[in-house]
Amino acid sequence: MPIIDARLLRMSQLYAPTLKEDPVDAEVASHKLLLRAAMIRKVAAGVYSFLPLGFRVLRKVEQIVREEQNRIGAQEMIMSIIQPAELWHESGRWDVYGPELMRFKDRHEHGFALSPTQEELITALIRDELRSYRELPKSLYHIQWKYRDETRPRFGLLRGREFIMKDCYSFHTSQASLQEHYDEQAVSYGRICDRLGLQWRPVEADSGQIGGSVTTEFMALAEAGECGILYCDCGFAANTEVAHANYDLEEFRPSETKGKLTKIHTPGVETIEELATYLCVGANSTVKALAGKDEKGQVTVLFLPGNHNLAAVKIGRLMPKFDFLSDEEIKQAGLVKGFIGPIGLPGDIRVVADSSLQEIPTWLTGANEEDCHLAGATLERDFTIDAWEDISEALPGDACPICGLALKDARGIEVGQVFQLGTKYSESMQATYMDADGIEKHFIMGCYGWGITRCIAALVEQSYDEQGIIWPVSVAPAEVVVIPLAIGDDKVEPTAESLAELLIQQGIEVAIDDRDERAGIKFNDADLIGWPYQLIVGKRGLEAGTVELKTRATGEKILLSLQEVVRVLTDLVEEQRKLYL
Ligand code: ATP
Ligand code: MG
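All residue numbers for the sequence shown refer to this note's numbering, where the first residue is 16 and numbers rise by one.
Set out below in structure tokens:
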């Protein structure tokens with residue numbers, strides 16, 4: 016077997032079978048391109064191997080993340096993927112995590128999980144070993160495989176069942192100390208995004224399964240993203256799931272009703288759209304009702320502005336197991352489907368309304384009677400609400416809660432998330448230290464996750480064209496590919512080899528496409544793989560003493576003399592590197 020020169024990637028020896036056709040089950044551009052460019056291969060749904068080219072990208076991404084975490088004093092370690100069930104019972108998450116947690120038993124019937132995240136393991140470690148406030152704060156991270164049996168592992172590396180995450184956990188004696196490190200982590204994440212060359216935004220978010228209250232997601236902006244973002248040029252940005260906005264609601268007060276409670280006959284008008292059309296009003300003048308029940312079976316009616324939907328995450332925070340009533344259950348609860356309103360509801364029903372509706376004290380709403388609505392239903396005078404909550408989903412065009420301008424929407428890929436956990440895990444797992452006053456106190460914790468493999472796909476989503484991937488210099492498998500066009504030619508091949516060697520001496524990372532292939536194939540593969548610079552060495556050019564330099568990102572080609580090419584290219588690469596420092 017030939018020995019691969021570690022400093023020079025030789026395409027003739029590299030395991031990099033590029034594919035001509037789009038793989039059929041790849042739904043998004045990044046997935047197609049990462050497969051075609053021989054970066055990854057599928058093992059099973061949501062499970063991938065990294066081939067040598069992809070592995071180089073992976074290592075570079077990891078290194079950037081590592082450098083930026085080390086810079087803020089986080090310490091690298093490596094923790095086990097296999098986690099004993101007892102730890103998950105201690106935190107109480109064994110039962111709540113659901114089927115996403117990949118579980119198995121060993122030969123002694125002991126339960127285990129494959130790590131989806133590491134709070135349990137690290138809290139146990141710190142609990143058993145850190146005793147004094149003098150040893151705090153501490154911040155520890157690892158870069159390691161994670162396992163989540165996602166309902167729909169989709170889009171390749173964007174949502175895997177096995178993926179690599181950098182996860183960091185910090186332990187503090189005070190909220191102020193946690194806040195300080197949380198802020199450092201947020202800065203660190205911004206730097207990681209910049210060095211990777213991502214276009215990104217920090218957004219307000221929900222904490223999901225991890226818990227805690229203060230949290231920020233880092234979104235790579237991309238059409239293929241699964242997350243909706245609402246943002247404003249003033250700097251406000253939030254995940255649509257949790258975004259709070261101010262709505263432009265209007266009261267429906269036709270002059271003839273003089274503000275009196277007025278029944279309107281609305282035969283067969285069951286939906287908000289039908290009601291708005293029937294009365295020639297905007298949906299923002301109507302109030303919509305939804306009926307559901309919580310885990311104890313308590314029937315609850317929710318009122319929302321007619322032009323906004325229920326936000327699943329927001330209601331999930333209020334009522335963790337909220338289910339809509341079936342038609343049968345609606346009847347049993349004494350409600351009339353399509354005509355539910357706040358006046359005359361059965362007494363045992365709980366009434367929750369979106370806080371925005373406080374702005375319009377007079378509602379156009381259902382009459383709790385078949386084929387009837389009410390105009391002029393007036394808060395306090397005619398009905399009361401048990402709880403006002405933010406339960407509706409904000410929309411683009413709603414007013415920014417900070418500056419009042421219209422919110423815009425974008426799609427994003429969540430590449431990282433930082434959380435203030437507080438004492439959630441230290442309390443459930445009884446992890447304490449001895450404070451200066453001799454009292455045992457719970458550690459105050461933060462956690463900070465970054466999707467290493469996901470952000471590779473996010474990068475591709477942001478940077479590709481019809482020909483293939485366009486890597487930024489910071490993570491490309493190599494910075495330059497040298498392409499000799501005539502293998503075996505006594506000028507072309509030696510010149511290409513010596514240019515590669517000279518570039519390496521300048522500290523540039525170089526690949527050489529020394530395969531005995533047609534020029535067209537080499538060009539296509541170079542564009543597909545996405546090396547930032549291509550140095551093309553051909554017979555005709557050499558006769559004139561020139562080689563061609565192509566910049567992948569712009570497609571620009573320039574002819575350079577053999578004397579200047581190494582200097583020009585080195586300068587270009589170094590300039591690019593500076594952009595990602
Ligand atoms: P999502 O909402 O996309 O399911 P999450 O909020 O559950 O992600 P976290 O627990 O915050 O994810 O994990 C930290 C990071 O790990 C995420 O920001 C993301 O970059 C990455 N990540 C999470 N789940 C996956 C997955 N299934 N495949 C690849 N990366 C993932
Ligand atoms: Mg997250």
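Each residue gets a CB set at the ideal place from its N, CA and C atoms; glycine is no exception.
This one's a predicted model, so the numbers in the text were calculated from it and none came from an experiment.
Given the structure, does residue i come close to the ligand MG, in the sense that its CB is under 6 Å from one of the ligand's heavy atoms?
i, result
"glutamine 435", "no"
"glutamine 432", "yes"
Is residue i close to the ligand ATP? I mean its beta-carbon at under 6 Å from any heavy atom of the ligand.
i, result
"arginine 174", "yes"
"glutamate 83", "no"
"methionine 444", "no"
"glutamate 165", "yes"
"phenylalanine 178", "yes"
"arginine 469", "yes"
"glycine 427", "no"
"glycine 464", "yes"
Anyone know if the C-beta pair for residue i and residue j falls short of 7 Å?
i, j, result
"valine 495", "isoleucine 523", "yes"
"alanine 52", "isoleucine 484", "yes"
"isoleucine 467", "lysine 75", "no"
"proline 492", "leucine 73", "no"
"isoleucine 55", "leucine 49", "yes"
"glutamate 408", "asparagine 322", "no"
"aspartate 338", "lysine 308", "yes"
"valine 583", "leucine 577", "no"
"tryptophan 465", "valine 80", "yes"
"leucine 172", "isoleucine 471", "yes"
"threonine 393", "proline 376", "yes"
"glycine 353", "glutamate 395", "no"
"proline 168", "glycine 61", "yes"
"glycine 391", "threonine 277", "yes"
"arginine 163", "glutamate 232", "no"
"lysine 120", "glycine 113", "no"
"serine 489", "glycine 212", "yes"
"histidine 196", "glycine 461", "yes"
May I have the straight-line CA-CA distance separating residue i from residue j, to the nearest angstrom?
i, j, result
"aspartate 363", "glutamate 344", "14 Å"
"lysine 346", "aspartate 386", "15 Å"
"tryptophan 215", "glutamate 508", "43 Å"
"asparagine 261", "glycine 250", "16 Å"
"lysine 303", "glutamate 271", "23 Å"
"arginine 176", "alanine 128", "14 Å"
"glutamine 194", "valine 552", "55 Å"
"alanine 348", "aspartate 405", "25 Å"
"aspartate 209", "lysine 153", "26 Å"
"methionine 334", "valine 588", "55 Å"
"threonine 315", "leucine 350", "11 Å"
"glutamate 501", "leucine 514", "Before going further, note that residue 501 is alanine rather than glutamate in the sequence given. One C-alpha to the other measures close to 15 Å."
"aspartate 12", "threonine 33", "Here the chain comprises residues numbered 16 to 596, so residue 12 is not present and cannot be evaluated."
"alanine 44", "aspartate 480", "9 Å"
"isoleucine 279", "alanine 326", "29 Å"
"leucine 23", "phenylalanine 70", "16 Å"
"glycine 356", "phenylalanine 434", "39 Å"
"glutamate 77", "histidine 123", "37 Å"
"leucine 420", "glutamate 199", "30 Å"
"isoleucine 527", "isoleucine 519", "11 Å"
"alanine 446", "lysine 593", "44 Å"
"proline 320", "threonine 292", "16 Å"
"glutamate 558", "glutamate 83", "48 Å"
"threonine 603", "leucine 340", "Here the chain covers residues 16 to 596 and nothing more, so residue 603 does not appear."
"glycine 545", "valine 525", "13 Å"
"cysteine 87", "valine 218", "This sequence places isoleucine at residue 87; cysteine is not what is there. One C-alpha to the other measures close to 21 Å."
"histidine 388", "serine 300", "13 Å"
Inter-stretch contact (C-beta, 8 Å, three-pair minimum) for the stretch 417-433 and the stretch 145-154: With a cut-off of 8 Å, the stretch 145-154 and the stretch 417-433 do not count as touching, because too few Cβ pairs lie within range.
Pair every Cβ in the stretch 147-162 with every Cβ in the stretch 76-93, then say whether three or more of these pairs are closer than 8 Å. With the cut-off at 8 Å, the stretch 147-162 and the stretch 76-93 touch.
Would you check if there are 3 or more beta carbon pairs closer than 8 Å linking the stretch 185-198 to the stretch 439-459? Yes, the stretch 185-198 is in contact with the stretch 439-459.
Between the stretch 232-248 and the stretch 474-490, can you find at least three pairs of beta-carbon atoms closer than 8 Å? Contact holds: three or more Cβ-Cβ distances are below 8 Å.
Taking one C-beta from the stretch 408-424 and one from the stretch 376-384 each time, how about it: are there three or more such pairs within less than 8 Å? No, the stretch 408-424 does not touch the stretch 376-384.
Cβ pair count under 8 Å reaching 3, the stretch 436-443 against the stretch 23-31: With the cut-off at 8 Å, the stretch 436-443 and the stretch 23-31 do not touch.
Decide yes or no for the touch test of the stretch 255-269 against the stretch 295-302: beta carbon pairs closer than 8 Å, at least 3 of them. Under the 8 Å Cβ criterion, the stretch 255-269 counts as touching the stretch 295-302, having at least three qualifying pairs.
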